[in-house]
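Engineer: There's a structure below that I have some questions on.
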Amino acid sequence: MATEKTFYLETFGCQMNAHDSEKVIGTLRQQGYRQVESEEEAGLILYNTCSIRDKAEQKVFHRLNDYKKLYKEGKRFGVLGCVAQQEGEKIFEKAPFVSLVSGSASYRKLPEMIARLEAGESRITGLDDRQTDETFETEFTARQNPYRGYITIIEGCDKFCSYCVVPYTRGKERSRTSSSVLAEARRIADLGYTEIQLLGQNVNSYRDPEGKLSFAELLAAVGQVPGIRRVRFTTSHPRDFTRDIVDAIDAVPTLCDHVHLPVQSGSARVLKQMAREYTPDWYLERIAWMRSARRSISLSTDIIVGFPGETEDDFIDTMDLLARVQYDCVFAFKYSARPNTPALVMIDAIPESEKAHRLQVLLDRQREIQRSNYSRHIGEEMEVMVEGLNPARGQVAGRSSQNKAVNFTCGQPIAPAPGSYCQVRITGAYPNSLTGESI
Ligand code: SF4
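Start counting the sequence shown at 2; every next residue gets the next number (our numbering).
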């Protein structure tokens with residue numbers, strides 16, 4: 002009797018990785034594999050890795066080390082994602098029991114790589130790096146999120162910001178055709194999803210290989226797919242952010258009134274060192290477009306503090322920008338050097354204690370901005386999509402179109418299902434969430 006083929010997959014890192022894993026899971030199921038919940042139960046153990054943050058590589062090698070004894074039981078190991086691409090064949094030296102190493106730019110070859118693994122090969126690599134023009138498309142995506150369907154519209158990145166590994170680990174920019182994106186959006190709607198999130202390292206650098214639609218037109222077209230009530234997109238680069246995106250948000254109500262536009266620093270000098278290809282003025286012009294839109298667009302951003310050479314004055318520029326934009330959410334991090342990036346050779350002389358201090362000053366200020374921004378919603382009514390329950394508070398947890406977390410009480414004996422919509426009156430505000438009651 003043939004033994005059952007099983008796999009365990011653990012994902013680290015960003016939303017792109019989480020969605021890649023949905024596609025990898027779908028591909029493996031097509032190859033006759035069943036997904037299991039633990040390393041012990043699996044025949045094939047896969048880690049989909051991330052190298053954006055410090056110590057990501059060590060985390061993966063620790064995990065591999067913890068389970069290497071399972072190799073003797075005949076289990077096979079594979080490392081996927083950014084650490085796989087970055088470390089390449091060195092992984093076979095550090096962890097000789099690993100049989101498969103593949104970066105995301107090679108996932109389209111997974112069926113072939115898996116067949117070689119099954120045939121007993123022990124050093125299989127998919128390390129296309131920046132060579133490939135192809136995207137990883139499959140209709141067998143195993144969607145794990147019960148209420149939001151993800152669609153990758155562009156893979157890779159050509160920006161080469163000096164601190165970032167992505168252009169080296171995910172390859173060059175490759176856009177999918179608008180026809181294939183829209184076909185996937187219709188399939189997602191047919192499955193019952195009402196919210197779609199378009200994904201890419203740099204979504205607004207999207208170039209339709211068929212030459213039919215711009216990014217803003219694609220956004221509008223996805224928003225008009227029957228059954229779709231919310232469309233989000235992430236991540237945008239200020240350099241490629243065009244005014245027609247704001248016009249589309251104004252014109253198509255299903256496009257969410259939230260834009261995540263990473264600024265990274267408010268200092269022109271630091272932005273230049275980061276190779277971000279824009280100035281604070283350029284960035285603020287795009288913010289002004291959004292502030293003059295008919296709809297109230299919520300803004301969020303990413304900021305790196307303590308980039309090599311960041312002076313006290315540069316940091317004050319970032320704080321000034323924070324005060325001007327009044328974001329609803331900021332993801333801020335201390336700079337840490339990533340392998341193989343140009344910033345690695347810059348002198349990183351800012352002590353960790355000073356980086357930590359700047360980060361705390363920024364987060365404290367931002368908390369006050371959010372306290373004030375969120376409290377303005379008190380008394381408003383808004384549509385909230387249910388994401389689950391908040392058992393600690395006995396409330397329903399959901400999200401507004403502006404991507405704000407909303408916890409609310411609901412008078413019904415049975416809680417509304419994830420993915421359903423409720424009209425909520427906002428009665429309270431915290432710096433990171435709203436509270437209310439369903440109407
Ligand atoms: S735009 Fe810059 S930060 Fe974003 S993925 Fe590309 S290189 Fe990295």
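Here a beta-carbon is modelled for each residue, glycine too, at the ideal position from N, C-alpha and C.
Would you tell me roughly how many angstroms separate the C-alpha atoms of residue 229 and residue 385, rounded to the nearest one?
Structural biologist: The residue you call residue 229 lines up with position 228 of the sequence shown. The residue you call residue 385 lines up with position 384 of the sequence shown. Their backbone Cα atoms lie some 15 Å apart in a straight line.
Engineer: Within 6 Å: the Cβ of residue 259 and any heavy atom of ligand 1?
Structural biologist: Here the question's residue 259 lines up with position 258 in the sequence shown. Checking every heavy atom of ligand 1 against the Cβ of residue 259, none is found closer than 6 Å.
Engineer: Based on the DSSP output, what are the partners of residue 34 in its beta bridges?
Structural biologist: The residue labelled residue 34 in the question sits at position 33 within the sequence shown. Answer by DSSP bridge pairing, in chain order: 6.
Engineer: By Cβ distance, which residues of its chain are closer than 6 Å to residue 13, with the 5 residues on each side in sequence left out?
Structural biologist: Stepping through the sequence shown from its first residue, residue 13 is reached at position 12. Answer for residue 13: 50, 51, listed in chain order.
Engineer: If we ignore side chains and look at the alpha-carbon of each, how far apart do residue 330 and residue 168 end up?
Structural biologist: For this step, residue 330 is matched to residue 329 along the sequence shown. For this step, residue 168 is matched to residue 167 along the sequence shown. When rounded, the distance between both Cα atoms is 26 Å.
Engineer: Using the three-state DSSP reduction, which class does residue 378 fall into: helix, strand or coil?
Structural biologist: The residue you call residue 378 lines up with position 377 of the sequence shown. Coil at residue 378, not helix or strand.
Engineer: According to DSSP, is residue 420 helix, strand or coil?
Structural biologist: Along the sequence shown, read from residue 1 onward, the residue named residue 420 stands at position 419. Coil at residue 420, not helix or strand.
Engineer: Using CA atoms only, rank isn't needed, just tell me which of 283, 185, 192 is closest to residue 219.
Structural biologist: In the sequence shown, residue 219 corresponds to position 218, counting from 1. For the residues 283, 185, 192, the minimum Cα distance to residue 219 belongs to 185.
Engineer: Give the DSSP-derived three-state secondary structure of residue 321 in the structure shown.
Structural biologist: To locate residue 321, count along the sequence shown from 1; it is residue 320. Reduced to three states, the DSSP call for residue 321 is helix.
Engineer: Contact defined as beta carbons within less than 8 Å: I believe residue 209 pairs with residue 179. What is the distance between those atoms, to the nearest angstrom?
Structural biologist: As a position in the sequence shown, residue 209 is number 208, starting the count at 1. As a position in the sequence shown, residue 179 is number 178, starting the count at 1. Confirmed, about 5 Å.
Engineer: Run through DSSP, which three-state label would residue 436 get?
Structural biologist: Position 435 of the sequence shown, counting from 1, holds the residue named residue 436. Residue 436 falls in the strand class under three-state DSSP.
Engineer: Should residue 203 be listed as close to ligand 1, given that the test is whether its C-beta is under 6 Å from any heavy atom?
Structural biologist: For the purposes of this step, residue 203 is identified with residue 202 of the sequence shown, where counting begins at 1. Yes, since a heavy atom of ligand 1 falls inside the 6 Å radius drawn around the Cβ of residue 203.
Engineer: Less than 7 Å between the C-beta atoms of residue 303 and residue 343, yes or no?
Structural biologist: Mapped onto the sequence shown, residue 303 falls at position 302. Mapped onto the sequence shown, residue 343 falls at position 342. In this structure, residue 343 does not lie closer than 7 Å to residue 303 by Cβ.
Engineer: Under a three-way DSSP split, which group does residue 238 fall into?
Structural biologist: Counted from its first residue, the sequence shown places residue 238 at position 237. If DSSP states are grouped into helix, strand and coil, residue 238 belongs with coil.
Engineer: Along the chain, where does the alpha helix (DSSP H) that runs through residue 66 open and close?
Structural biologist: Translated into positions along the sequence shown, residue 66 becomes position 65. 57-68 is the span of the alpha helix (DSSP H), which, as asked, contains residue 66.
Engineer: Excluding sequence positions up to five away, which residues of its chain have a Cβ less than 7 Å from the Cβ of residue 528?
Structural biologist: This structure leaves residue 528 out entirely; the chain is present only between 2 and 440.
Engineer: Any heavy atom of ligand 1 closer than 6 Å to the Cβ of residue 271?
Structural biologist: Translated into positions along the sequence shown, residue 271 becomes position 270. Outside the cutoff, so no.
Engineer: Buried or exposed: where does residue 345 fall if 16 or more other Cβ atoms within 10 Å of its Cβ makes it buried?
Structural biologist: Numbered from its first residue, the sequence shown carries residue 345 at position 344. Under this definition residue 345 is an exposed residue.
Engineer: How many angstroms separate the CA atom of residue 234 from the CA atom of residue 284?
Structural biologist: Within the sequence shown, the letter at position 233 stands for residue 234. Within the sequence shown, the letter at position 283 stands for residue 284. In a straight line, the C-alpha of residue 234 is about 18 Å away from that of residue 284.
Engineer: Figure out for me which residue from 17, 4, 108, 22 has the closest Cα to the Cα of residue 11.
Structural biologist: Locating residue 11 in the sequence shown gives position 10, counting from the first residue. It is 22 whose Cα lies nearest to the Cα of residue 11.
Engineer: Ordered along the chain, which non-local residues of its own chain (more than five positions away) have a Cβ less than 8 Å from that of residue 2?
Structural biologist: Residue 2 sits at position 1 when you count from the first residue of the sequence shown. With a pLDDT of 45 at residue 2, under the threshold of 50, the predicted position of this residue should be treated as unreliable, though the coordinate-derived value follows. Result list for residue 2: empty, nothing under 8 Å.
Engineer: Tell me which residue opens and which closes the alpha helix (DSSP H) that residue 192 is part of.
Structural biologist: The residue you call residue 192 lines up with position 191 of the sequence shown. That residue, residue 192, is in no alpha helix (DSSP H); it is neither H nor E in DSSP.
Engineer: May I ask you to verify whether the stretch 306-324 touches the stretch 24-39, counting CB pairs closer than 8 Å and requiring at least 3?
Structural biologist: no
Engineer: For residue 168, verify whether its CB is less than 6 Å away from any heavy atom of ligand 1.
Structural biologist: Position 167 of the sequence shown, counted from the start, is the residue given in the question as residue 168. Yes - ligand 1 has a heavy atom lying nearer than 6 Å to the Cβ of residue 168.
Engineer: Going along the chain, which residues of its own chain have a beta-carbon closer than 8 Å to the beta-carbon of residue 161, five neighbours each way excluded?
Structural biologist: Here residue 161 refers to the residue found at position 160 of the sequence shown. If we look at residue 161 and ignore the five residues flanking it on each side, its Cβ neighbours are 168, 276, 343.
Engineer: In the DSSP assignment, find the beta strand (DSSP E) that holds residue 284 and state where it starts and stops.
Structural biologist: On the sequence shown, residue 284 is found 283 positions in, with the first residue counted as 1. Taken as a continuous stretch (DSSP letters only), residue 284 belongs to no beta strand (DSSP E), being part of the alpha helix (DSSP H) at 281-292.
Engineer: Is the beta carbon of residue 78 sitting closer than 7 Å to the one on residue 46?
Structural biologist: Along the sequence shown, read from residue 1 onward, the residue named residue 78 stands at position 77. Along the sequence shown, read from residue 1 onward, the residue named residue 46 stands at position 45. A contact, by the Cβ cut-off of 7 Å.
Engineer: Any idea which residues DSSP pairs residue 115 with across the strands?
Structural biologist: Within the sequence shown, the letter at position 114 stands for residue 115. DSSP, once it has assigned bridges, lists no residue as partnering residue 115.
Engineer: Compute the Euclidean distance between the alpha carbons of residue 388 and residue 151, then round it to the nearest angstrom.
Structural biologist: Working through the sequence shown from its first residue, we reach residue 388 at position 387. Working through the sequence shown from its first residue, we reach residue 151 at position 150. Cα-Cα distance, rounded: 15 Å.
Engineer: Could you check whether residue 231 and residue 196 sit closer than 7 Å to each other, using their CB atoms as the reference points?
Structural biologist: Sequence index remark: in the sequence shown, residue 196 carries index 195 (1-based). Sequence index remark: in the sequence shown, residue 231 carries index 230 (1-based). Yes, these two residues count as a Cβ contact at 7 Å.
Engineer: Do residue 238 and ligand 1 come close, with the Cβ less than 6 Å from some heavy atom?
Structural biologist: Translated into positions along the sequence shown, residue 238 becomes position 237. Under cutoff, so the answer is yes.
Engineer: Apart from the five residues on each side of it in sequence, which residues of its chain come closer than 7 Å, Cβ to Cβ, to residue 255?
Structural biologist: Taking the first residue of the sequence shown as 1, we reach residue 255 at position 254. Hits under 7 Å: 224, 229, 230, 231, 232.
Engineer: Using DSSP with H/G/I as helix, E/B as strand and the rest coil, what is residue 216?
Structural biologist: Locating residue 216 in the sequence shown gives position 215, where the first residue counts as 1. The answer is helix: DSSP assigns residue 216 an H, G or I state.
Engineer: What residues match up with residue 299 in a beta bridge as DSSP calls it?
Structural biologist: On the sequence shown, position 298 is the one that residue 299 refers to. Paired residue(s): 259.
Engineer: Threshold first: 3 residues or longer. Then list the beta strand (DSSP E) segments lying entirely within the stretch 391-418, N to C.
Structural biologist: Runs of the beta strand (DSSP E) inside the stretch 391-418: 396-401, 406-410.
Engineer: Is the beta carbon of residue 405 within less than 6 Å of some heavy atom of ligand 1?
Structural biologist: Locating residue 405 in the sequence shown gives position 404, where the first residue counts as 1. Relative to the non-hydrogen atoms of ligand 1, the Cβ of residue 405 never comes closer than 6 Å to any of them.
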